[in-house]
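Participant: One structure coming up, written as structure tokens, with questions to follow.
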Amino acid sequence: MSEMVSKGRFGRFGGRYVPETLMPALEELEIAYGEARGDPAYHEELAYYLREFVGRPTPLYLAERLSDDLGVLKVYLKREDLCHTGAHKINNTLAQVLLARRLGKTRIIAETGAGQHGVATATAAALFGLDCDIYMGEEDIGRQSLNVFRMRLLGARVIPVTSGSKTLKDATNETLRDWTASVRTTHYIIGSVVGPHPFPEMIRDCQSVIGREAREQILEAEGRLPDACVACVGGGSNSIGLFHPFVDDADVALIGVEAGGRGLDSEEHGASLTAGRVGVLHGCETFLLYDDDGQIIPAHSVSAGLDYPGVGPEHSHLKDSGRARYVTVEDHDALKAFQKLSVLEGIIPAFESAHAISYLDRMAEETREAGEMKTVVLCLSGRGDKDVHQAEGLLTEMLDDEEVR
Amino acid sequence: MGDRLETCFDRLRTEGRAGLFPFVTAGDPDLGFTRELLPLMTEAGADGFEIGVPFSDPLADGPTIQRSSMRSLAGGTRLSSVLEMVGEVRADIPDTPLVLMTYYNPIIAMGLAEFVRGASRVGADAVIVPDLPPEEAGTLVGIMNDYPLEPVFMLAPTSTQERIELVTDVGGGFIYYVGQMGVTGARDALDSDLGATLGKINRVKNRPVLVGFGIKTPEQAAEVAGHADGVIVGSALIDVMEAQASREDKMRAACDYIASLREGLDRSKTVS
Chain A
1 MSEMVSKGRF
11 GRFGGRYVPE
21 TLMPALEELE
31 IAYGEARGDP
41 AYHEELAYYL
51 REFVGRPTPL
61 YLAERLSDDL
71 GVLKVYLKRE
81 DLCHTGAHKI
91 NNTLAQVLLA
101 RRLGKTRIIA
111 ETGAGQHGVA
121 TATAAALFGL
131 DCDIYMGEED
141 IGRQSLNVFR
151 MRLLGARVIP
161 VTSGSKTLKD
171 ATNETLRDWT
181 ASVRTTHYII
191 GSVVGPHPFP
201 EMIRDCQSVI
211 GREAREQILE
221 AEGRLPDACV
231 ACVGGGSNSI
241 GLFHPFVDDA
251 DVALIGVEAG
261 GRGLDSEEHG
271 ASLTAGRVGV
281 LHGCETFLLY
291 DDDGQIIPAH
301 SVSAGLDYPG
311 VGPEHSHLKD
321 SGRARYVTVE
331 DHDALKAFQK
341 LSVLEGIIPA
351 FESAHAISYL
361 DRMAEETREA
371 GEMKTVVLCL
381 SGRGDKDVHQ
391 AEGLLTEMLD
401 DEEVR
Chain B
1001 MGDRLETCFD
1011 RLRTEGRAGL
1021 FPFVTAGDPD
1031 LGFTRELLPL
1041 MTEAGADGFE
1051 IGVPFSDPLA
1061 DGPTIQRSSM
1071 RSLAGGTRLS
1081 SVLEMVGEVR
1091 ADIPDTPLVL
1101 MTYYNPIIAM
1111 GLAEFVRGAS
1121 RVGADAVIVP
1131 DLPPEEAGTL
1141 VGIMNDYPLE
1151 PVFMLAPTST
1161 QERIELVTDV
1171 GGGFIYYVGQ
1181 MGVTGARDAL
1191 DSDLGATLGK
1201 INRVKNRPVL
1211 VGFGIKTPEQ
1221 AAEVAGHADG
1231 VIVGSALIDV
1241 MEAQASREDK
1251 MRAACDYIAS
1261 LREGLDRSKT
1271 VS
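In the order they appear, the protein sequences are chains A and B. Residue 1 is where the first sequence starts when you use our numbering, and the numbers rise one by one after that. Residue 1001 is where the second sequence starts when you use our numbering, and the numbers rise one by one after that.
Here you go:
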């Protein structure tokens, strides 16, 4: 007789809140992942592809002009934007496609918001000749048409999602619905550290390569650990990937930057940790945005990748336990940072990563007031090529506005 | 088991009939409609009801119930107003089992204890939470133990022997067997393994089994009823109502459809 024990908890968060149809598949996945994790052959295969196909390790780059500009911060950028496909997402999709092969699954499905995870999934599926269907909200398809074409080019089918708010959360619902019907042949590659156990833990393990490398690299460069690690948080995969190997280093501050959207008062934001409450969505218990009746409130952010009303349960635990701190950056400031990093460093960041960059201004101010100097490792989770078209409209407007003033 | 459910299943067994349990989304198009519809469907041959509480992200549901939920939410339906409606309709159908079906987050928002107290006060008999498997249901089931409210869990074609035993052990009322992999929605053909899987459940069951997901025609209902204690019909019923414009026509179409299912079920039992 099995027992009524909830699995996959980070403190009080996480768990496995899914329809019965999916429970056996999650149990199977948990066992298969446990076996893979303990199998040197799996790690060897993964390491090979991460090195030869993704281009790891990614550099930890000292952003000198940005640091000069901030004055009191020495900023190292963990260059996940240099990964094949342009973001950290491939770390996870590659590892999971290898896992799907071990499970004997022939079809891959995934949800995508900005399209980065979809592209990374389509890429990994193409690498091994697996069928691949990507669910994407109609709203996001409009915002990220280039990524839609990329996925198609890679042989994937992009299925528009027209239900609910037509964004990432609805694409996630639709992918879960597909999986309940197709679980016997299909592996679901969730794009962030969300979903039912074992996904948050498994994806965190896949993304922890970011923090493991960064830790080694900063020790090499500085001879000591950084004062802070900073990363943007939507679902929270690049941030947990950076944070996790530093969690036991009590002197390293962990700071997650959420999407402030049009401001926390506007109710149009993606700040589930800062402004949400504990609930259950997409299979896990975590901080969420919902109204007094428990109905999920659609998130908003200029960046499609942060446009999610929930967050990984491990982040909820890091917030609850006080180990990490979460702050917000609004659309407008993220856009300014997008431009600033481009001008100062010759690096066009993804809108998502620009939120983290923008927070450095506030951090520099506080550090200056305290009369300190700090070394910071910031996860530059992706490159901004996908956002350039959208930025053209938004920034031109903003620059014009500022000229008028 | 709750009195009304137990009495209902006892009676069905004595009469050699299969139970017919329609699912409706409460508040589609408004709560007054649902309030009026349930007694009419009882007259048309329904044995009990599943009353769906609309949720913004119904991940176990197909397009029909998604649309239905959105219509209900757009009309301002809330978990608290659904409970009020259940209390009102209870007066008209005092003996009919009423099973609430809601995703977990609305319950969390209301507060688990307040929900259980409220549901039990208005005369609901059981609760199904599709995104709450037994492993996560400890707290809710613990509270429900103090009230005459049964926790109903689901089993699926993929459920292992271990899970069949777990659900049979922890759950109350009846077992909701998901007859189709995937989400809710009417299907033209049913899972061919249905009989075999239900046989597996029947070997360990100590409670009635109702089969839902995918049932559309009287013939399908009759086929399923040959293996189970009854059927749950949701999406197909909502499809029937969606096809009509006026309230009166929706209600008439729903009752005609329920009557046709009733006839199909009764015919099959008489033959066997």
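By construction, the Cβ of each residue, glycine as well, lies at the ideal position given by its N, Cα and C atoms.
Please check if any C-beta of chain B sits within less than 9 Å of the C-beta of D291/A.
Facilitator: Yes, contact with chain B.
Participant: Taking 9 Å as the CB-CB cut-off, is M1154/B touching chain A?
Facilitator: Interface residue, yes.
Participant: Restricting to runs no shorter than 4 residues, where is the alpha helix (DSSP H) found entirely within the segment 1184-1253 of chain B?
Facilitator: DSSP runs (the alpha helix (DSSP H)) wholly in the segment 1184-1253 of chain B: 1194-1204, 1218-1225, 1235-1242.
Participant: Please tell me whether I296/A has its Cβ less than 9 Å away from any Cβ of chain B.
Facilitator: It does; some Cβ of chain B falls within 9 Å.
Participant: Near G1087/B, which residues of its chain fall below 6 Å by C-beta distance, leaving aside the five closest residues on each side in sequence?
Facilitator: Taken in chain order, the residues that qualify are V1122.
Participant: Whole beta strand (DSSP E) runs in the segment 374-401 of chain A with 3 or more residues, listed along the chain?
Facilitator: Entirely contained in the segment 374-401 of chain A, the beta strand (DSSP E) runs reaching 3 residues are, in chain order, 374-380.
Participant: Among all the DSSP beta bridges, which residues are the ones paired with Y17/A?
Facilitator: Answer by DSSP bridge pairing: none, since Y17/A is not bridged.
Participant: Using the beta-carbon count (16 or more within 10 Å), is R383/A buried or exposed?
Facilitator: When all chains shown are included, R383/A counts as buried.
Participant: Taking 9 Å as the threshold (beta carbon to beta carbon), is I1143/B in contact with chain A?
Facilitator: Not one chain A Cβ lies under 9 Å of I1143/B.
Participant: Go through its chain and collect everything with a Cβ distance to V18/A's Cβ below 6 Å, but skip five positions before and after it.
Facilitator: Contacts found: P196, G283.
Participant: Could you tell me which residues DSSP pairs with G137/A in its beta bridges?
Facilitator: Paired residue(s): V161/A.
Participant: In three-state DSSP terms, what is G256/A?
Facilitator: Three-state result, G256/A: strand.
Participant: Just the chain A side, please: which residues come within less than 8 Å of R1009/B by C-beta, in chain order?
Facilitator: As written in the sequence, residue 1009/B is Phe, which differs from the Arg given in the question. What F1009/B touches in chain A: nothing, since even the nearest Cβ is about 21 Å away.
Participant: Does DSSP put T58/A in a helix, in a strand, or in coil?
Facilitator: T58/A falls in the coil class under three-state DSSP.
Participant: Contact check, Y359/A vs V327/A under 8 Å by CB: the rounded distance?
Facilitator: Yes, they are in contact, since the Cβ atoms of Y359/A and V327/A sit about 6 Å apart, within 8 Å.
Participant: Write down the C-beta distance between G1052/B and M1085/B rounded to the nearest angstrom, noting that I regard them as a contact closer than 8 Å.
Facilitator: Going by Cβ atoms, the distance from G1052/B to M1085/B rounds to 12 Å, so no, they are not a contact pair.
Participant: When the cut-off is 9 Å and only beta carbons count, does P19/A lie next to chain B?
Facilitator: Taking Cβ atoms only, chain B reaches closer than 9 Å to P19/A, which makes this a yes.
Participant: Counting C-beta neighbours from all protein chains within 10 Å, is the total for S303/A 16 or more, i.e. buried, or is it exposed?
Facilitator: With 16 or more Cβ atoms within 10 Å of its Cβ, S303/A is classed as buried.
Participant: P1151/B by DSSP, collapsed to three states: which one?
Facilitator: Strand.
Participant: Whole angstroms are fine: how far does the CA of T1139/B sit from the CA of G279/A?
Facilitator: In a straight line, the C-alpha of G279/A is about 14 Å away from that of T1139/B.
Participant: Applying a beta-carbon distance threshold of less than 9 Å, which residues of chain A neighbour M1181/B?
Facilitator: Correct list: T21, T180, A181, S182, V183, R184.
Participant: Quick one: what does DSSP say I1051/B is sitting in, helix, strand or coil?
Facilitator: Strand, per DSSP.
Participant: What residue from G234/A, E365/A, G223/A has the CA that sits closest to A354/A's CA?
Facilitator: The option with the nearest alpha carbon to A354/A is G234/A.
Participant: Looking at the structure shown, is E1263/B part of a helix, part of a strand, or coil, going by DSSP?
Facilitator: Three-state result, E1263/B: helix.
Participant: Rounded to a whole number of angstroms, what is the C-alpha to C-alpha distance between F1049/B and P1097/B?
Facilitator: In a straight line, the C-alpha of F1049/B is about 6 Å away from that of P1097/B.
Participant: In terms of alpha-carbon separation, which member of D320/A, K7/A, C379/A, C83/A lies closest to F287/A?
Facilitator: The option with the nearest alpha carbon to F287/A is D320/A.
Participant: Measure the C-alpha to C-alpha separation of P1054/B and A1243/B and round it to an integer number of angstroms.
Facilitator: Their Cα atoms are separated by approximately 20 Å.
Participant: Suppose only complete runs of 3+ residues qualify. What are the beta strand (DSSP E) ranges in the segment 1073-1105 of chain B, listed by chain order?
Facilitator: Runs found: 1098-1101.
Participant: Alpha carbons only, please: which of G260/A, R79/A, R184/A, T85/A is nearest the one belonging to G104/A?
Facilitator: Closest by alpha carbon: R184/A.
Participant: Enumerate in chain order the residues of its own chain whose CB-to-CB distance from D1266/B is below 7 Å, with the five nearest sequence positions on each side excluded.
Facilitator: The residues are R1017.
Participant: Please list, in chain order, the chain B residues whose beta carbon lies closer than 9 Å to that of K7/A.
Facilitator: Near K7/A (Cβ distances below 9 Å), the residues of chain B are E1135.
Participant: Taking CB distances under 9 Å as the criterion, tell me whether S1159/B reaches chain A.
Facilitator: Cβ-Cβ to chain A under 9 Å: yes for S1159/B.
Participant: Where does the unbroken beta strand (DSSP E) through H187/A begin, and where does it stop?
Facilitator: Residues 186-188.
Participant: Using a Cβ-Cβ cutoff of less than 7 Å, which residues in the same chain neighbour D69/A once the five nearest sequence positions on both sides are dropped?
Facilitator: The answer, listed in chain order, is L344.
Participant: For the beta strand (DSSP E) that contains G415/A, what are its first and last residues?
Facilitator: Outside the displayed span of chain A (1 to 405) sits residue 415/A, for which this structure offers no information.
Participant: I want to verify the contact list: residues of chain A whose CB lies under 7 Å from the CB of I1215/B, in sequence order.
Facilitator: Here the premise fails: no neighbours, minimum Cβ distance about 16 Å.
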